[in-house]
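Asks: Please see the structure below; I have some questions.
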Amino acid sequence: MSRGWGPFDGEISTYYLSCNRNKRGICVDFRKQEGLDVLRALILQADVVLENFRPGTMEQMGLGFAELGAQKPSIIMGSITAYGMRGPLSSWPGFDQIAQGYSGLMSLTGFPEGDPTRTGTAIGDLSSGMWLSTAITGALFERANTGKGKHVTTSLLDSLVAMLSVHGQRYLSLGDVPKRTGNAHAVIAPYGVFQTADGPLNLAPITNEMWIRLCNLLGREDLLADARFTTNDARVSNRDALKAELESVLRTKGKQEWTAQCVAAGLPAGPINSLPEVFADPQVIECDLVETIAHPILGAVRQIPTPLAHADVAVTSNAAIAASRHPPLLGEHTFEVLREAGFDSSRIEQLLSTKVIFQFERKA
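Quick note: the sequence shown uses the numbering used here, first residue -8, plus one each step.
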């Protein structure tokens, strides 16, 4: 599906490039019985099978965990659904933004006077994958001891409700319904976005000691004696007035200068960067947060790698755990994978001629 979503670099979707690195790609038409047989043969040679259908779909295809487990007791299955494997909404279709709204996350995101707002990226899609990877790792360790597989699941709703975090606990414990606070913190002030001479700055002096240091840095020691700002609760109640007082000084210098001065004073602060600023940033470059891979159509492609690194290496190299494969073309590895699975050439040709499988061929 994501192959058809733009914007495009030539004929290749950059959306697709962003989420399919380090994989091999095959095309099998499992609407046909022969295709299902191929799929089953591949699954039964795997350690883990991942699926993203609505509950019951794998069972309808004869590929449910019970059936696969009967043939291979060590198989591990991981499932991500929209709303969960059970319950009245389990059969509903759903995508990230729908689940963000249903989970309550959008009710917390945005400004008080504006509409509920989705996050800038598909955080439900990303977080559910990360949660499931943790569950699969646990299942693999358990299998090492028992020899038995397991079916582990999560959903977009599960992941996003878990991410309600302190706001969810506030409601469960106290019955308080948190409101949208834009870029301000719900219970800490000052904490948020402040305007400087050349752009916005994030500032987070979260303790009273940091608050005192900030006032000293800004030359506004008078604020320490102002009854509106003497405690954190008072500052939260008067955050708009506090923001105006702080910005009267912050607007006299640029965001980079203020960042340097705040950090030197032990105050957490940082500019709000655009993407061009992010990818040109020395820290991002030093930490290898962009890699270049070879793509068979596009040539050299820069992309964001897996954000993990080996810590036991020289400080001159972050040794990122880099992707070794480009995002696959449609059906690029069909023949390769089937051969590895034991399909001989005549069987592969028969499947190709009956359009059960497809193999990418580069046009001349």
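Glycine is no exception: its CB is placed at the ideal position from the N, C-alpha and C atoms.
Note that this is a predicted model, so its numbers are computed, not measured.
Around the C-beta of Ala130, are 16 or more other C-beta atoms found within 10 angstroms, so that it is buried, or is it exposed?
Replies: Buried, because 16 or more other Cβ atoms sit within 10 Å of the Cβ of Ala130.
Asks: Pick from Pro181, Asp87, Trp122, Ile67: whose alpha carbon is nearest that of Thr112?
Replies: Here the closest residue by C-alpha is Asp87.
Asks: Taking Asp189 as the reference, give the member of Glu248, Phe326, Ile197 with the closest Cα.
Replies: With distances taken between Cα atoms, Asp189 lies closest to Glu248.
Asks: What would DSSP say about Arg77, mapped onto helix, strand or coil?
Replies: Residue state, collapsed to three classes: coil.
Asks: Only counting the same chain, and skipping five residues up and downstream in sequence, which positions put a Cβ closer than 8 Å to that of Val275?
Replies: Around Val275: Val269, Val281.
Asks: Going by other Cβ atoms of all chains shown within 10 Å of its Cβ, with 16 needed for buried, is Arg226 buried or exposed?
Replies: Its Cβ being crowded by 16 or more others within 10 Å, Arg226 is buried.
Asks: Under 7 Å between the Cβ atoms of Leu148 and Pro181?
Replies: Not closer than 7 Å, so no.
Asks: Among Ala177, Glu327, Cys278, Phe185, which one has its Cα closest to the Cα of Ile263?
Replies: The residue with the shortest Cα to Cα distance from Ile263 is Phe185.
Asks: Hey, could you find the ends of the alpha helix (DSSP H) Val347 is sitting in?
Replies: Unbroken run through Val347: none, as it is neither H nor E.
Asks: What are the start and end residues of the alpha helix (DSSP H) that includes Met49?
Replies: From DSSP, the alpha helix (DSSP H) with Met49 extends over 48 to 51.
Asks: Taking contact to mean at least 3 C-beta pairs separated by less than 8 Å, is the region 202 to 221 in contact with the region 137 to 145?
Replies: Not touching, per the Cβ criterion.
Asks: Measuring alpha carbon to alpha carbon, tell me which residue in Ala177, Asp224, His176, Ala175 is nearest Asn199.
Replies: Comparing Cα positions, the closest option is Asp224.
Asks: What's the C-alpha gap between Glu50 and Trp202?
Replies: Distance between the alpha carbons of Glu50 and Trp202 is about 59 Å.
Asks: Can you tell me whether Cys10 is buried or exposed, with buried defined as 16 or more other CB within 10 angstroms of its CB?
Replies: When all chains shown are included, Cys10 counts as exposed.
Asks: Please state if the CB of His158 and the CB of Pro169 are separated by a distance shorter than 7 Å.
Replies: Yes, they are a contact pair.
Asks: Please classify Phe102: is it buried, with 16 or more other beta-carbons within 10 angstroms of its beta-carbon, or exposed?
Replies: Looking at its Cβ environment, which holds fewer than 16 other Cβ atoms inside 10 Å, Phe102 is exposed.
Asks: In this structure, does DSSP put Ser315 in helix, strand or coil?
Replies: If DSSP states are grouped into helix, strand and coil, Ser315 belongs with coil.
Asks: Quick check on this structure: which residue in Gln350, Phe44, Ala218, His301 has the alpha carbon closest to the alpha carbon of Met76?
Replies: Nearest option by C-alpha distance: Phe44.
Asks: What would DSSP say about Asn193, mapped onto helix, strand or coil?
Replies: Three-state DSSP puts Asn193 in a strand.
Asks: Between Cys253 and Leu99, what straight-line distance do the alpha-carbon atoms span, to the nearest angstrom?
Replies: Roughly 29 Å between the two C-alpha positions.
Asks: Hey, is the region 20 to 28 in contact with the region 318 to 335, meaning 3+ C-beta pairs nearer than 8 Å?
Replies: No: fewer than three Cβ pairs fall under 8 Å.
Asks: DSSP on Arg15, reduced to helix/strand/coil?
Replies: Correct three-state label for Arg15: coil.
Asks: Leaving out the 5 sequence neighbours to the left and right, which residues in its chain are closer than 8 Å to Gly166 when beta-carbon positions are compared?
Replies: Cβ neighbours of Gly166 beyond the five flanking positions: none.
Asks: Report the option in Phe(-1), Met52, Ser164, Cys206 whose CA atom is closest to the CA atom of Glu238.
Replies: Of the listed residues, the one whose Cα sits closest to Glu238 is Cys206.
Asks: Skipping 5 residues on each side, what residues in its chain have a beta carbon closer than 7 Å to that of Lys244?
Replies: Same-chain partners within the cutoff: Thr187, Ala188.
Asks: Pick from Leu8, Thr48, Gly69: whose alpha carbon is nearest that of Ala37?
Replies: The candidate whose alpha carbon is nearest that of Ala37 is Gly69.
Asks: What residue range does the alpha helix (DSSP H) around Leu131 cover?
Replies: 114 to 137 is the span of the alpha helix (DSSP H), which, as asked, contains Leu131.
Asks: Return yes when the Cβ of Leu27 is within less than 7 Å of the Cβ of Lys63, no when it is not.
Replies: Contact flag unset, no.
Asks: If you follow the beta strand (DSSP E) that Ser70 is part of, which residue opens it and which one closes it?
Replies: Start and end: 67 to 72.
Asks: Between Ala90 and the rest of its own chain, which residues show a CB-CB distance below 7 Å, the 5 nearest in sequence each way excluded?
Replies: Same-chain partners within the cutoff: Ala73, Gly115, Leu147, Leu148, Leu151.
Asks: Closest to Ala61 by C-alpha separation, out of Ser124, Met121, Arg15, Arg31, would be which residue?
Replies: The option with the nearest alpha carbon to Ala61 is Arg31.
Asks: Flag this pair as yes or no: are the beta carbons of Pro318 and Arg12 separated by less than 7 Å?
Replies: Against a cut-off of 7 Å, the Cβ pair of Arg12 and Pro318 comes out as a contact.
Asks: Within 10 angstroms of the Cβ of Ala251, are there 16 or more other Cβ atoms? Answer buried if so, exposed if not.
Replies: That one is exposed.
Asks: What does DSSP give as the partner residue(s) for Gly261 in the beta ladder?
Replies: Beta-bridge pairing links Gly261 to Asn193.
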